[in-house]
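*Asks:* Sharing a structure, written as C-alpha cells. Questions coming.
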Amino acid sequence: MTETLDDLLRVGAESGASDVHITAEAIPLMRVDGDLVAIPGHPDVLSDSWVRSAAFTLMNSGQRAEFDERHEVDLAFAVDGVGRLRVNVFQQLGSIAIALRFIPEQVFTLEQLGAPAIARDLALRPRGLVLLTGPTGSGKSTTLTAMVDIINSTRPVHIVTIEDPIEFHHTSKRALIHQREVGSDTNSFAEALRRVLRQDPDVILVGELRDPESIMTALSAAETGHLVLSTLHTQGAAKSVNRIVDVFPADQQHQIRTQLGDTLQGVISQTLLPRAQSGGRTIATEVLVNNPAVANLIREGQVAQLYTAMQAGANDGMHTLDQDLRRLVGEGTVAAAVARTFASDPASLDNVFVRANDFDADSWSHYAVDQQLEEWGS
0 MTETLDDLLR VGAESGASDV HITAEAIPLM RVDGDLVAIP GHPDVLSDSW VRSAAFTLMN
60 SGQRAEFDER HEVDLAFAVD GVGRLRVNVF QQLGSIAIAL RFIPEQVFTL EQLGAPAIAR
120 DLALRPRGLV LLTGPTGSGK STTLTAMVDI INSTRPVHIV TIEDPIEFHH TSKRALIHQR
180 EVGSDTNSFA EALRRVLRQD PDVILVGELR DPESIMTALS AAETGHLVLS TLHTQGAAKS
240 VNRIVDVFPA DQQHQIRTQL GDTLQGVISQ TLLPRAQSGG RTIATEVLVN NPAVANLIRE
300 GQVAQLYTAM QAGANDGMHT LDQDLRRLVG EGTVAAAVAR TFASDPASLD NVFVRANDFD
360 ADSWSHYAVD QQLEEWGS
C-alpha cells in the first residue's frame with residue numbers, strides 16, 4: 000500500500016468526516032454524520048507494520064516512552080492542507096490502533112453551533128463553575144472553545160487553559176491567554192490545577208474533571224473568585240451533579256454538595272442528532288442554571304428534583320432535553336422517530352406540531368425506530 004496516513008486524512012477531511020479510525024488488518028474507516036463508513040478509494044486492509052509505522056511517526060520521544068509504558072497515548076498534530084487533529088494511539092489484541100479526530104480550524108460562534116443563548120451569559124460570569132457535559136463526540140470541546148473565545152474577545156482578563164491535548168490554539172485578544180498541555184507543559188491536570196492559582200488567573204479552563212483531586216481544586220478555585228470552565232462525560236445535567244458528588248467517599252459528600260451549591264453557575268449537557276432533511280447533525284441540549292432553589296436542592300442532595308426545576312426554569316434559561324427535542328421536532332429540524340430514541344419520555348413528543356414541509360404523516364406512526372432511521376438516510 001502506497002498511501003500515507005496524511006493521504007487517508009485528506010480524503011477523510013474532504014468527505015466531511017469527524018473522525019478517522021486506523022486498525023491493523025482492517026480497512027480504514029471514517030465517521031460521517033455519526034456513522035462509521037469506509038474511506039472512499041481506500042479498500043485495502045492496513046498491515047500491522049503500516050499502522051505501527053504511522054503511529055510511531057506521530058509520536059515524539061516522550062510520547063513514545065509513555066506509549067511503551069502504558070500502551071496508549073494522547074497527542075495532537077497538524078497535517079498540511081487538513082489542519083489539526085486530536086489523536087489517541089492504543090494497543091488492542093497485541094496490535095496498534097489509531098483514533099483521530101479533526102479539530103475545526105476556525106472558532107465557531109455559539110449561534111453557528113446552535114448552542115443555547117444562556118451559554119454566552121455563563122461564559123461571561125465573573126466567577127463560579129460552568130460545566131459542559133455529554134457523551135464522547137457530542138461537541139463539548141467545540142462549544143467550550145466558542146465560550147473561551149467570547150471571554151477572550153470581550154474581557155481584559157487572564158485565561159489559563161489546561162488541556163490533554165491542546166486542540167485549538169487561541170491568540171490573545173482583549174484577554175491574555177496561556178495554554179498548557181498535559182504531558183508537555185505539565186505532568187497532570189491535578190498538578191497544573193495546584194499551581195494555577197499562583198499564575199494570577201481570572202478564568203481557568205480544565206479540559207476534563209477526571210479525579211477527586213482535580214474536582215476539589217476546581218471547586219476551591221471557583222470558591223475563591225475564579226471562573227472555572229470544564230467538561231464531564233455524563234449525559235444529563237442532573238447526572239453531572241451526581242457524578243461529581245459520587246466521586247468522593249460518603250463522609251465528604253456533604254461538603255462537596257455544599258461547595259457545588261455555592262459555586263456552580265450552570266451545566267450545559269449536549270448531544271448531536273441527525274438532521275431530518277439537510278444532512279449533517281444538530282445539537283440538542285439540556286441546561287441547568289444555578290439559582291437559590293437549585294442551590295438548595297444540590298445542598299440537600301435532592302438531585303432528582305432538579306429535573307422539575309429545569310422544566311419550570313425557562314425564565315432563567317433552563318430547559319430539559321425533552322423540551323429541546325420538542326422544539327427541534329416542532330421546527331422540523333429533527334425527525335420525531337429519531338428524537339424519541341433520545342427522549343426520557345418519548346410520549347411527550349407525540350403531540351408536537353410539525354410544519355408542513357417536514358416529514359409526512361408516516362413519521363408519526365408507530366413504525367420501528369430502525370425503519371424510520373433507514374427512511375431518513377435514504
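Position 354 of the sequence shown, counting from 1, maps to 353 under numbering that gives the first Met the number 0, and the rest follow consecutively. Built from N, CA and C at the ideal position, the CB exists for glycine as well.
1. Can you check which of these residues, Glu-65, Arg-69, Leu-99, Ala-64, is closest to Ala-75 by C-alpha distance?
2. Ala-292: which of Ile-282, Gly-279, Asp-261, Ala-283 sits nearest, CA to CA?
3. Looking at Val-44 and Glu-24, is the spacing between their C-beta atoms short of 8 Å?
4. Give a yes or no on whether the C-beta atoms belonging to Leu-208 and Ser-183 are separated by under 8 Å.
5. Roughly how many angstroms separate the alpha carbons of Val-163 and Arg-83, rounded to a whole number?
6. Could you give the first and the last residue of the continuous beta strand (DSSP E) run that contains Asn-295?
7. Mapping the DSSP letters down to three states, classify Ser-14 as helix, strand or coil.
8. If the criterion is Cβ atoms closer than 8 Å, does the pair Ala-217 and Leu-128 meet it?
9. Taking only beta-carbon atoms, is Phe-55 less than 8 Å away from chain D?
10. Look at the Cβ atom of Ile-38, then the Cβ atom of Leu-4, and state whether they are nearer than 8 Å.
11. Compute the Euclidean distance between the alpha carbons of Lys-139 and Glu-2, then round it to the nearest angstrom.
12. Exposed or buried, what is Glu-299 when buried is set at 16 or more other beta-carbons lying within 10 Å of its beta-carbon?
13. Any idea what DSSP makes of Val-50, helix, strand or coil?
14. Quick one: is Ser-14 buried, meaning 16 or more other Cβ sit within 10 Å of its Cβ, or exposed?
15. Measure the C-alpha to C-alpha separation of Val-19 and Ile-102 and round it to an integer number of angstroms.
16. For a quick check, are the C-beta atoms of Ala-283 and Asp-344 less than 8 Å apart?
*Replies:* Reading from the atomic positions:
1. Working through the sequence shown from its first residue, we reach residue 75 at position 76. If we check each option's Cα against that of Ala-75, Leu-99 comes out closest.
2. To locate residue 292, count along the sequence shown from 1; it is residue 293. Residue Asp-261 is the option with its Cα nearest to Ala-292.
3. Mapped onto the sequence shown, residue 24 falls at position 25. Mapped onto the sequence shown, residue 44 falls at position 45. Taking C-beta atoms as the reference points, Glu-24 and Val-44 count as a pair closer than 8 Å.
4. If you number the sequence shown from 1, residue 208 lands on position 209. If you number the sequence shown from 1, residue 183 lands on position 184. Contact: no.
5. Reading the sequence shown from its first residue, position 164 is the one you call residue 163. Reading the sequence shown from its first residue, position 84 is the one you call residue 83. Residue identity check: residue 163 is Asp in the sequence provided, not Val. Roughly 14 Å between the two C-alpha positions.
6. If you number the sequence shown from 1, residue 295 lands on position 296. Here Asn-295 belongs to no beta strand (DSSP E); instead the alpha helix (DSSP H) covers 291-298.
7. Residue mapping note: residue 14 aligns to position 15 of the sequence shown, counting from 1. Three-state result, Ser-14: coil.
8. As a first step, residue 217 is located in the sequence shown; it is residue number 218 there, counting from the start. As a first step, residue 128 is located in the sequence shown; it is residue number 129 there, counting from the start. Result yes, Cβ atoms of Ala-217 and Leu-128 sit closer than 8 Å.
9. Of the protein chains in the structure, only one exists, and it is not chain D.
10. The count along the sequence shown starts at 1 and reaches residue 38 at position 39. The count along the sequence shown starts at 1 and reaches residue 4 at position 5. Taking 8 Å as the cut-off, the Cβ atoms of Ile-38 and Leu-4 do not count as close.
11. The residue labelled residue 139 in the question sits at position 140 within the sequence shown. The residue labelled residue 2 in the question sits at position 3 within the sequence shown. Spanning the alpha carbons of Lys-139 and Glu-2 requires a straight line of approximately 32 Å.
12. Taking the first residue of the sequence shown as 1, we reach residue 299 at position 300. The residue in question, Glu-299, is exposed, as its Cβ has fewer than 16 Cβ neighbours within 10 Å.
13. In the sequence shown, counting from the first residue as 1, residue 50 sits at position 51. Three-state DSSP puts Val-50 in a helix.
14. To locate residue 14, count along the sequence shown from 1; it is residue 15. Classification of Ser-14: exposed, given that the 10 Å Cβ count is below 16.
15. As a first step, residue 19 must be located in the sequence shown, where it is residue number 20. As a first step, residue 102 must be located in the sequence shown, where it is residue number 103. Across the structure, Val-19 and Ile-102 are spaced so that their CA atoms are roughly 12 Å apart.
16. Position 284 of the sequence shown, counted from the first residue, corresponds to residue 283. Position 345 of the sequence shown, counted from the first residue, corresponds to residue 344. Going by C-beta atoms, Ala-283 is not nearer than 8 Å to Asp-344.
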